[in-house]
Structures are given as structure tokens and as C-alpha cells.
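Asks: Numbering (the numbering used here), first residue to last: 294 to 458.
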Amino acid sequence: MSIAGRLLPVCVLGCALLLAGCDGFPARSPKPSWEKTMQAYASRDYGALWDQLAEVSRKDTEHVLTYIRRDARYRQNMQLKLQITATVLDRMTPRDFFIALMAAAERAAPEAIALRAQTARDARYTRESIDGDRAVVFWDSAQGGAENMTFVRESGGWRPVIERP
């Protein structure tokens, strides 16, 4: 078989992957992931934000949920402050818990969350710094000034990390 005959199937597969939106290579820049993250913040779509999160952030949320389930005082606080009963808390997935926490923050501080959403809408990408599988994206916004967010490369794509203070 000629070289052209051997390359044809590879070229056809490559074109099919490109048309399907998959280039088969890891994303070089975290900018598209940052844009999706800002869009999720701006629209207050906490489910979409969860779906984009890095595994380390998901695991942190899972650990917090496990800890809260084990401590009667925290369970009581969940019911008093977030209206999450013990029964519901025991059935919650980490994703559900994350969404409930974000929604509770929105109820508790609507002005702050509205400002955060506006900041995300106004965000203007300025640069990124990549070091292996970690990156920091920097941006400016009218409300927040200079800000940044860490991303990690997982499964060939960039995912945001919610870092604890």
C-alpha cells in the first residue's frame, strides 16, 4: 500500500474529529475554559460551574459535605441557615451541595453575588501563565480590577480550581 493509501484513513479520521469539535490534542490555553467559567458566574449557573470544576475542588466540596454530615452542630446549622433538613442533607450529592451553598450565598448576600456576576460579565482577559499542568489566568474588570484564577489540566482540558482562602 502506498504512503498516500496509508495516510488517507488517518486524514479522514482527523477531519472527522475536527468537524466533531475534538482535535485530539490537549487544550493549549485555559482561556476557553476561563470564558466558560466567567459565563457560568455571570449567569449564576452553579450547576454549569460545578461541571467545569477541577477534581480537587470537587473533592474539597465532598469532604466538607462528609464533615457536615458527621457533626450534629453543622447539620443543625444547615437546617437553620440554609433550610436543608438532615434527611435532604444525607441524600445530597456533592454537586447538589455545591449548588445549595452557592444559592445560599446568593440569598444571604444578593448585592455581593450580583456584583460578582457583573464582574464576570465585564471581565477582560489580559494574559495567562502556564507551568506544566497548572495555569493562572489574569483579567481585569470594571468592578474588581485585576483578578486571577488558577486552572489545572485534567483529561486534556483546563478546569478551574476554587481555592480556599
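A virtual CB, placed ideally from N, CA and C, is assigned to each residue, including glycine.
1. With a floor of 3 residues, list each beta strand (DSSP E) that falls wholly inside the stretch 413-445, ordered by position along the chain.
2. Helix, strand or coil for P323? Go by DSSP, reduced to three states.
3. Name, in chain order, the residues that DSSP records as bridge partners for E447.
4. Can you check whether the CB of Q369 is closer than 7 Å to the CB of T378?
5. Distance check for R417 and R366, CA to CA, integer angstroms please.
6. Between which residues of its own chain and P387 is the CB-CB distance below 7 Å, once the five residues before and five after are set aside?
7. Quick check on the DSSP output: what are the complete alpha helix (DSSP H) runs of length 4 or more inside the stretch 329-389, in order along the chain?
8. Helix, strand or coil for A396? Go by DSSP, reduced to three states.
9. How about A407 and P323: do their beta carbons lie closer than 7 Å?
10. Keeping to the same chain, check which residues put their C-beta closer than 8 Å to that of Q436; ignore five residues upstream and five downstream.
Replies: For this structure:
1. 417-424, 427-434
2. coil
3. G450
4. no
5. 42 Å
6. R351, T354, E355, L358
7. 339-345, 348-363, 365-375, 379-384
8. helix
9. no
10. L408, Q411, T412, D415
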